[in-house]
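Visitor: I'd like to ask you about the structure that follows.
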Amino acid sequence: MLSPTKPPVASTPATKGPGKNESEAWSLDAHWPELLAGLADQVTEGVSALQNQIDQLLARGRISRQEHHALSVPVGRIKLAGLSTQQINRFYGGRIRQSHEKINMADLVEGVLQERKKELALLGIVLRRKLKPVDVLIDPTVAHTFVNAVLDWALPYGNRVDLRLDLNNWPPHARLLVRVANDGLPPSSGLADDNLSWMLIRQIAASAGGIDIDRQIADDGIQFTALFNRTVKAVDGISAVELSDDHSSMFKSLAGTYVLTISPALQIRADVRDALREIGISSDSVVDFRQARDAVNARMPNLIVVDAEMKGEEFEAFRRELLRDVFELPFVEISPDDSSFDMAGFGEFSMAKVGRGNVREALGTAVMFELAKMM
2 MLSPTKPPVA STPATKGPGK NESEAWSLDA HWPELLAGLA DQVTEGVSAL QNQIDQLLAR
62 GRISRQEHHA LSVPVGRIKL AGLSTQQINR FYGGRIRQSH EKINMADLVE GVLQERKKEL
122 ALLGIVLRRK LKPVDVLIDP TVAHTFVNAV LDWALPYGNR VDLRLDLNNW PPHARLLVRV
182 ANDGLPPSSG LADDNLSWML IRQIAASAGG IDIDRQIADD GIQFTALFNR TVKAVDGISA
242 VELSDDHSSM FKSLAGTYVL TISPALQIRA DVRDALREIG ISSDSVVDFR QARDAVNARM
302 PNLIVVDAEM KGEEFEAFRR ELLRDVFELP FVEISPDDSS FDMAGFGEFS MAKVGRGNVR
362 EALGTAVMFE LAKMM
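Numbered as in the numbering used here, the sequence shown ends at 376 without a single skipped number.
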């Protein structure tokens with residue numbers, strides 16, 4: 002006897018909104034933000050509960066501090082992933098209400114570093130920073146999240162971190178620069194360049210408005226740059242130092258200053274030496290970058306004068322090597338144009354230029370200006 006035929010089981014909910022058929026009632030493509038948000042909420046809630054249990058085990062003496070740390074590190078990473086996902090989703094969905102205020106970015110960045118001081122010490126991070134006061138119009142919470150995301154992304158690339166906040170040469174915007182070096186040891190193969198922290202950085206830059214970002218990734222580390230277009234006050238012209246006719250205001254601060262000159266031309270090396278001697282600066286000179294490396298290893302200069310003839314790929318490699326060991330190092334170029342004299346701006350790689358025929362007259366002023374910017 003044949004059993005009665007049963008109607009097929011519906012694959013969609015029995016109820017549907019007006020004007021919609023069953024095939025259009027639900028689509029994962031349309032609901033992935035909710036899926037992402039739900040997953041992130043469960044992850045952060047779960048790891049918070051787990052961390053609480055780990056803390057209680059430590060308090061009861063059931064685990065050692067070393068075991069507590071070993072368990073807390075992966076829990077912290079999972080929590081960071083959940084929080085980053087939540088923030089990405091909120092920025093993407095426009096659910097972050099922003100209130101732009103005038104913020105001293107140097108104070109904000111220093112505050113973030115102080116909050117993470119213990120973490121940086123545990124990671125063995127060697128941190129160098131130079132933060133110049135620059136005001137930016139930005140939401141304080143967004144700025145705080147952005148700086149933390151930059152650190153979360155950058156720190157896994159190495160243990161030597163250079164962090165700078167200053168005013169870009171052009172356009173005159175506040176610039177956050179982070180360089181991370183790994184001392185020649187490549188990072189873990191499991192490190193992803195486009196991880197959640199990087200996605201959060203990209204999403205904040207796109208959502209907050211007025212932040213241009215750039216990154217460079219190499220075997221020996223990374224460099225990240227953020228320019229804040231809504232800089233409140235950009236310095237126009239040269240105001241770092243007042244140069245009097247006899248330079249007397251600078252002489253006291255030049256004691257102990259040492260300059261290295263790189264040029265194959267004997268006449269240029271001699272002219273530079275004499276010009277520097279007139280303002281009380283000691284110097285040495287070399288003819289190529291091999292000798293320059295030896296000289297730097299023996300004594301790190303405060304400034305380098307380089308013949309324009311030497312500029313090229315080898316010079317750029319030499320400069321990159323130096324900037325891994327020192328936070329900043331100014332350069333002055335000796336130009337083939339006899340009468341040229343151009344003061345450098347305030348960008349990291351800007352360079353003052355002095356003509357070959359103008360060394361005795363102008364080099365001292367250019368050198369003092371560059372050294373003044375380092376103060």
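In this text, a Cβ means the ideal position worked out from N, Cα and C, and glycines have one as well. Given the structure is predicted, the values throughout are model-derived calculations rather than measurements.
#1: From the DSSP secondary-structure annotation, give me the bridge partner or partners of Y259.
#2: On the DSSP bridge assignment, give the partners of A103 in chain order.
#3: Which class does V288 belong to by DSSP, given the choice of helix, strand or coil?
#4: Take V355 as the anchor and find which of F370, V260, S336 and A373 has the nearest alpha-carbon.
#5: Secondary structure at R361, three-state DSSP: helix, strand or coil?
#6: Rank A107, H101, P172 and P134 by C-alpha distance to the C-alpha of D140 and give the top, closest one.
#7: Buried or exposed for I199, please, with buried defined as at least 16 other CB atoms from any protein chain shown within 10 angstroms of its CB.
#8: If you draw a straight line from the C-alpha of L51 to the C-alpha of R61, how long is it?
#9: So if DSSP puts Q224 in a beta bridge, which residue, or which two residues, is it bridged to?
#10: Pick helix, strand or coil for K133, following the three-state DSSP scheme.
#11: Since Y259 and R325 should fall inside the 8 Å C-beta cutoff, what is the C-beta to C-beta distance between them, to a whole number of angstroms?
#12: Assuming N183 and D213 make a contact with CB atoms under 8 Å, what is their CB distance in whole Å?
#13: Could you tell me the alpha carbon to alpha carbon distance between K133 and Q54, rounded to whole angstroms?
#14: L197 to E46, Cα distance in whole Å?
#15: Taking the Cβ atom as the reference point for each residue, do V368 and V327 lie within a distance shorter than 9 Å?
#16: Under three-state DSSP, which class holds G211?
#17: At a cut-off of 8 Å, is R66 close to the ligand PLP when judged by its beta-carbon and the heavy atoms of the ligand?
#18: Rounded to a whole number of angstroms, what is the C-alpha to C-alpha distance between F147 and R216?
#19: For the beta strand (DSSP E) holding L121, just list the boundary residues, first then last.
#20: Let me know if Q268 comes out buried or exposed under the rule of 16 or more other beta-carbons within 10 Å of its beta-carbon.
#21: What did DSSP end up calling V327 once you bin it into helix, strand or coil?
#22: On the DSSP bridge list, what partners appear for L166?
#23: Would you call the segment 316–324 and the segment 273–289 in contact, with 3 or more CB pairs under 8 Å?
#24: Using alpha carbons as the reference points, say which of I205, P331, N160 and K374 lies closest to F229.
#25: Kindly identify the DSSP beta-bridge partner or partners of I55.
#26: By the 10 Å Cβ neighbour count, where 16 or more other Cβ atoms means buried, how is T366 classified, buried or exposed?
#27: Taking the CB atoms as reference points, tell me whether V137 and T232 lie closer together than 9 Å.
#28: Considering only residues of the same chain and omitting the five flanking positions on each side of L72, which have a CB-CB separation below 8 Å?
#29: With a Cβ-Cβ cutoff of 9 Å, do P157 and L121 count as a contact?
Guide: Taking the geometry as given:
#1: Position 258 of the sequence shown, counted from the first residue, corresponds to residue 259. For Y259, the pairing in a beta bridge is given by DSSP as S283.
#2: Here residue 103 is taken as the residue at index 102 of the sequence shown, counted from 1. The sequence shown places Lys at residue 103, rather than the Ala named in the question. DSSP output for K103 lists L138 as bridge partner(s).
#3: The count along the sequence shown starts at 1 and reaches residue 288 at position 287. Coil at V288, not helix or strand.
#4: Residue 355 sits at position 354 when you count from the first residue of the sequence shown. Among F370, V260, S336 and A373, the Cα nearest to that of V355 belongs to S336.
#5: Translated into positions along the sequence shown, residue 361 becomes position 360. Per DSSP, reduced to three states, the secondary structure at R361 is helical.
#6: Indexing the sequence shown from 1 puts residue 140 at position 139. Answer by Cα proximity: H101.
#7: Working through the sequence shown from its first residue, we reach residue 199 at position 198. Note that residue 199 corresponds to Trp in the displayed sequence, not to Ile. W199 sits buried, since 16 or more C-beta atoms from the chains shown fall within 10 Å of its C-beta.
#8: One-based indexing of the sequence shown puts residue 51 at position 50. One-based indexing of the sequence shown puts residue 61 at position 60. Cα to Cα, L51 sits roughly 16 Å from R61.
#9: The residue you call residue 224 lines up with position 223 of the sequence shown. Per DSSP, R180 and Q217.
#10: In the sequence shown, counting from the first residue as 1, residue 133 sits at position 132. It is coil, neither helix nor strand.
#11: What you label residue 259 is simply residue 258 of the sequence shown in a count that begins at 1. What you label residue 325 is simply residue 324 of the sequence shown in a count that begins at 1. Contact flag wrong, Cβ pair sits at about 20 Å.
#12: Looking up residue 183 in the sequence shown gives position 182. Looking up residue 213 in the sequence shown gives position 212. Not quite, the Cβ-Cβ distance comes to about 26 Å (not below 8 Å), so this is no contact.
#13: In the sequence shown, the residue the question calls residue 133 occupies position 132. In the sequence shown, the residue the question calls residue 54 occupies position 53. Roughly 43 Å between the two C-alpha positions.
#14: Here the question's residue 197 lines up with position 196 in the sequence shown. Here the question's residue 46 lines up with position 45 in the sequence shown. One C-alpha to the other measures close to 18 Å.
#15: For the purposes of this step, residue 368 is taken as the residue at position 367 of the sequence shown. For the purposes of this step, residue 327 is taken as the residue at position 326 of the sequence shown. Cβ distance not < 9 Å, so V368 and V327 don't count as in contact.
#16: Walking along the sequence shown from the start, residue 211 turns up at place 210. Coil at G211, not helix or strand.
#17: As far as ligands go, the structure on display features none, and thus does not contain the ligand PLP.
#18: Indexing the sequence shown from 1 puts residue 147 at position 146. Indexing the sequence shown from 1 puts residue 216 at position 215. In a straight line, the C-alpha of F147 is about 15 Å away from that of R216.
#19: Reading the sequence shown from its first residue, position 120 is the one you call residue 121. Per DSSP, L121 belongs to no beta strand (DSSP E); it is in the alpha helix (DSSP H), K118 to L123.
#20: For this step, residue 268 is matched to residue 267 along the sequence shown. It is exposed - the Cβ of Q268 has fewer than 16 other Cβ atoms within 10 Å.
#21: Walking along the sequence shown from the start, residue 327 turns up at place 326. Reduced to three states, the DSSP call for V327 is coil.
#22: On the sequence shown, position 165 is the one that residue 166 refers to. The partner list for L166 (beta bridge, DSSP) reads L132 and L177.
#23: no
#24: For the purposes of this step, residue 229 is taken as residue 228 along the sequence shown, with counting starting at 1. For the residues I205, P331, N160 and K374, the minimum Cα distance to F229 belongs to I205.
#25: Taking the first residue of the sequence shown as 1, we reach residue 55 at position 54. Answer is none; I55 lacks a bridge partner.
#26: Locating residue 366 in the sequence shown gives position 365, counting from the first residue. Looking at its Cβ environment, which holds 16 or more other Cβ atoms inside 10 Å, T366 is buried.
#27: The sequence position of residue 137 within the sequence shown is 136, counting from 1. The sequence position of residue 232 within the sequence shown is 231, counting from 1. Yes. Within cutoff.
#28: Position 71 of the sequence shown, counted from the start, is the residue given in the question as residue 72. Closer than 8 Å at Cβ, skipping near neighbours: I55 and I64.
#29: Counted from its first residue, the sequence shown places residue 157 at position 156. Counted from its first residue, the sequence shown places residue 121 at position 120. For P157 and L121, no; Cβs fall outside 9 Å.
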